[in-house]
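Asks: My questions will all concern the structure given below.
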Amino acid sequence: MVAKRVGSRYLAGLSREWRKLKLHATQDVTLVGYLPIAGGGSEIGALLVAVKDLDGLRYSVRVGTGFSAAMRRDLLGALEAERVAAPPVHDAPRMRQARWSRPVLVAQVAFAEWTADGKLRQPSFQGLRPDKKPEECLRETAEPADRKMLR
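Everything in the sequence shown is counted per numbering that gives the first Met the number 0, starting at 0 for the first residue and increasing by one.
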C-alpha cells in the first residue's frame, strides 16, 4: 500500500511525501520444535510452528526472525524441556536438524499471507502468548468486506 501524509500536497511521480506501507496479518501458532542456530550455540535458529485443523496440528512454517538473542536462549530452554523424539504434527517436513517438542507453548507471528499450500509467508515472531492454549491456534482468516462499505 502506498500512502501520503494528510497535510501534504499531491505530487505526481516519486516524492518524499509518499510512504510504502506493508500490511501484515497476525496468527497465533503452536510451537512444535526448533532448528538449532547455525554453528551451534545455546540459542535457537528458527522456530517450527503449527496451527490446528480438522486433522490435528498442521505444520505451518519455520520462523527465523523477530526475536532477540535473550529470547532465542529462553525459547531453547523452554523447548528442550518439552523435547520429544517424533514430530507432533501429521505433515512434518523432513529436516535433519529439527528438534521436536510437545505442543504446549503458543506464540504470535506477523506474516504477509497464507500460501496456496497452507504455509505462512514471511513470518516474524512477535512474542509468546501465555494466555492462549495450543488447541486455540486455529487458522485465522480475514472477514470479507461488507459490500455496502465498498461503494
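Every residue, glycine too, gets a C-beta built ideally from N, C-alpha and C.
At the level of alpha carbons, what is the spacing between L104 and T25?
Replies: Each residue's alpha carbon lies about 17 Å from the other.
Asks: Whole-angstrom Cβ separation of V108 and V48, contact assumed at under 8 Å?
Replies: The pair is a contact, with the Cβ atoms about 7 Å apart (cut-off 8 Å).
Asks: Rounded C-beta distance between A111 and R120? I'm assuming under 8 Å.
Replies: With 8 Å as the limit, A111 and R120 qualify as a contact, their Cβ atoms being about 5 Å apart.
Asks: DSSP three-state label for A109, please.
Replies: A109: strand per DSSP, three-state reduction.
Asks: Which residues mark the beginning and the end of the alpha helix (DSSP H) in which R15 is found?
Replies: Per DSSP, R15 belongs to no alpha helix (DSSP H) and is neither H nor E.
Asks: Whole angstroms is fine: what's the gap from A68's alpha carbon to L127's?
Replies: Taking the straight line from one Cα to the other gives about 15 Å.
Asks: Which residues in the same chain as G55 place their Cβ atom closer than 6 Å to its Cβ, once the five residues preceding and following it in sequence are excluded?
Replies: For G55, where only same-chain residues beyond five positions count, the Cβ hits under 6 Å are H89.
Asks: Mind checking which residues open and close the beta strand (DSSP E) that includes Q73?
Replies: It should be pointed out that residue 73 corresponds to Asp in this sequence rather than to Gln. Counting along the chain, D73 falls outside any beta strand (DSSP E), though it belongs to the alpha helix (DSSP H) covering 68-80.
Asks: By alpha-carbon positions, which one of H23, W17, L78 ends up nearest to A29?
Replies: Note that residue 29 corresponds to Thr in the displayed sequence, not to Ala. Considering only alpha carbons, the answer is L78.
Asks: What do you reckon, are the CB atoms on A37 and R18 nearer than 8 Å?
Replies: No, these two residues do not count as a Cβ contact at 8 Å.
Asks: Which same chain residues, not among the five before or five after E139, have their C-beta less than 7 Å away from its C-beta?
Replies: Hits under 7 Å: Q26.
Asks: Identify the residues that DSSP records as bridge partners of R8: which are they?
Replies: For R8, which the question treats as bridged, DSSP gives no partner whatsoever.
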